[in-house]
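For reference, the structure is listed below as structure tokens.
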Amino acid sequence: MKKSIITTAIITAAALSTQFIMTASAESMPYEPVFESVPITESITTAAKEQPAKSTISEVPKISSVQATTTTNTVNTAAPAENSNLQSALMQLDGAQVEIRNQLIQYKNEYSDIDNQYRIIKEQRKLKAKQIKETEKKIKSLDSTKEKIRKNMD
Numbered sequence: 001m002k003k004s005i006i007t008t009a010i011i012t013a014a015a016l017s018t019q020f021i022m023t024a025s026a027e028s029m030p031y032e033p034v035f036e037s038v039p040i041t042e043s044i045t046t047a048a049k050e051q052p053a054k055s056t057i058s059e060v061p062k063i064s065s066v067q068a069t070t071t072t073n074t075v076n077t078a079a080p081a082e083n084s085n086l087q088s089a090l091m092q093l094d095g096a097q098v099e100i101r102n103q104l105i106q107y108k109n110e111y112s113d114i115d116n117q118y119r120i121i122k123e124q125r126k127l128k129a130k131q132i133k134e135t136e137k138k139i140k141s142l143d144s145t146k147e148k149i150r151k152n153m154d
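This note's numbering puts the first residue of the sequence shown at 1, with every later residue one more than the last.
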């Protein structure tokens, strides 16, 4: 389960970093590729009177108002929303990383406790082995003393 959490966090981080890099590199392009799929439509209203063929350069029709569509506004508002989503995803990854680091610290503490117990048990084992050898030597010496006494009695 822990491996799957770590794997999921790594994959998520890779996907988010790829998306962040693509967004950052799109901002430095000479034109924004978003507009290729969404056509820009402008409604132009003119207030010009039709003149006969005697038109001169000074009689250029005046444009009273130009209204752009709201697609540029949605693109501008989509970028901060996307950035906030990326920031929240980064915060979640940071939280997961903190949890995993805390878990690592806990595992290291448990390992050191077990390692200390292992060292203590290992020392106790050595002491018991020495006691056993000394006791066996005593028994052998007593047995040999008993045999000598029996031989002397005969």
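C-beta atoms are modelled at their ideal positions from N, C-alpha and C, and glycine is treated no differently.
Supposed contact pair residue j and residue i - C-beta distance, whole angstroms, cut 8 Å
{"i": "Ala81", "j": "Leu16", "result": "About 15 Å separates the two Cβ atoms, so there is no contact after all."}
Sub-9 Å separation of residue i and residue j beta-carbons
{"i": "Ala9", "j": "Leu93", "result": "yes"}
{"i": "Gln103", "j": "Lys3", "result": "no"}
{"i": "Ile100", "j": "Ile11", "result": "no"}
Three-state secondary structure assigned by DSSP to residue i
{"i": "Met91", "result": "helix"}
{"i": "Met1", "result": "coil"}
{"i": "Asp115", "result": "helix"}
{"i": "Asp154", "result": "coil"}
For residue j and residue i, the rounded distance between their alpha carbons
{"i": "Ala13", "j": "Arg119", "result": "41 Å"}
{"i": "Ile114", "j": "Lys122", "result": "12 Å"}
{"i": "Ala129", "j": "Ala96", "result": "48 Å"}
{"i": "Asp143", "j": "Gln131", "result": "18 Å"}
{"i": "Thr145", "j": "Lys151", "result": "10 Å"}
{"i": "Asn109", "j": "Val98", "result": "17 Å"}
{"i": "Leu127", "j": "Asn116", "result": "17 Å"}
{"i": "Arg125", "j": "Met153", "result": "42 Å"}
{"i": "Lys148", "j": "Glu134", "result": "21 Å"}
{"i": "Tyr111", "j": "Ile105", "result": "10 Å"}
{"i": "Glu136", "j": "Tyr107", "result": "42 Å"}
{"i": "Asn83", "j": "Thr7", "result": "24 Å"}
Sequence-distant residues of the same chain with beta carbon closer than 8 Å to residue i, five excluded per side
{"i": "Gln19", "result": "Leu86"}
Close Cβ partners of residue i (< 7 Å) along its chain, the five nearest in sequence each way excluded
{"i": "Glu36", "result": "Model confidence at Glu36 stands at a pLDDT of 48, short of 50, so the residue's coordinates are unreliable; what they give is reported in the following sentence. No residues qualify anywhere along the chain."}
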